[in-house]
Amino acid sequence: MLVKEKIGNLELFAINNRNIDYVLLDWYETNKRILHKKTVLGRDISMKFLNENPQLGVGDIVYEDDFSLIAIDIKECDAIVIRPASMYEMAAVCYEIGNKHLPLFYQDEEIVVAYEVPLFALLTAGGYNIEQAKRKLIQPLKTTVTPHGSSSNSLFNRIMKLTTDPE
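Note that our numbering has the sequence shown beginning at 1, numbered continuously upward.
See below:
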C-alpha cells in the first residue's frame, strides 16, 4: 500500500467503529519523506511524502477504508530526562546540548534528548538534575540556528541576559 499524505489525527477524526492498526516509528523517522514499514498487524506500507516534510506524530492517520484506519505511533527509546531548577539552568543545559547539534524535546515540564553516554557524562559532571529513562520523543523544540560569533551579542549571551537578574 502506498501513502502520499496524512489524512488527519485520531483525536479529531471520526473512527466509526473501524479497527485501528499502527505503524511504529522511531523518533528519528518522523521527518523522513520515504519509509517502508510493516504495521503492527503485518500490513506492508510505503510512505512517500514528496511535496512536504511529513512531521509525523502520534495518532496521525495515513490510511483509511470502510473497515480500518492506519495511524502512527512512536516507539519509546532510551532518553536523558532533564529537569532544570531555574530558567538560567534551562538556558545553560539547552545551550550545551545545542552545541552538540542534538534534537531537543520538551514534554511534561522536562527537557528530553535521546540517550548518549558522552552527553549523560557531561550533564552529570555539570551537576544537572538528570536521569536515564524510557520516553517517547514526540514534542521537538523548534529552533533556529544562527552563526556562532565572538561578540558579546552571541545567542548564548543574549539567553544569559534574559535569564539573570540585572546588576
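Think of the CB as a built atom: it goes at the ideal place given N, C-alpha and C, for glycine as much as any other residue.
Roughly how many angstroms separate the alpha carbons of residue i and residue j, rounded to a whole number?
i	j	result
D65	A79	36 Å
K134	G42	25 Å
C94	R83	11 Å
L122	V23	35 Å
V40	T163	46 Å
K32	K161	37 Å
N129	N16	45 Å
G126	K136	25 Å
E89	I111	11 Å
Classify residue i as buried or exposed, calling it buried when 16 or more other Cβ atoms lie within 10 Å of its own Cβ.
i	result
A85	exposed
F67	exposed
V117	exposed
L2	exposed
L12	exposed
Y28	exposed
A91	buried
M47	buried
K6	buried
Tell me, to the nearest whole angstrom, how far the beta carbon of residue i is from that of residue j; I am working on the premise that it is less than 8 Å.
i	j	result
G8	I61	5 Å
G57	T30	7 Å
Answer yes or no: do residue i and residue j have a C-beta to C-beta separation smaller than 9 Å?
i	j	result
L35	L25	yes
A71	D21	yes
P103	L50	no
L55	F105	In the sequence as displayed, the identity of residue 55 is Gln instead of Leu. In this structure, F105 does not lie closer than 9 Å to Q55 by Cβ.
Is residue i near the ligand ADP, judged by its Cβ being under 8 Å from some heavy atom?
i	result
P54	What this structure holds is no ligand at all, so the ligand ADP is not there to describe.
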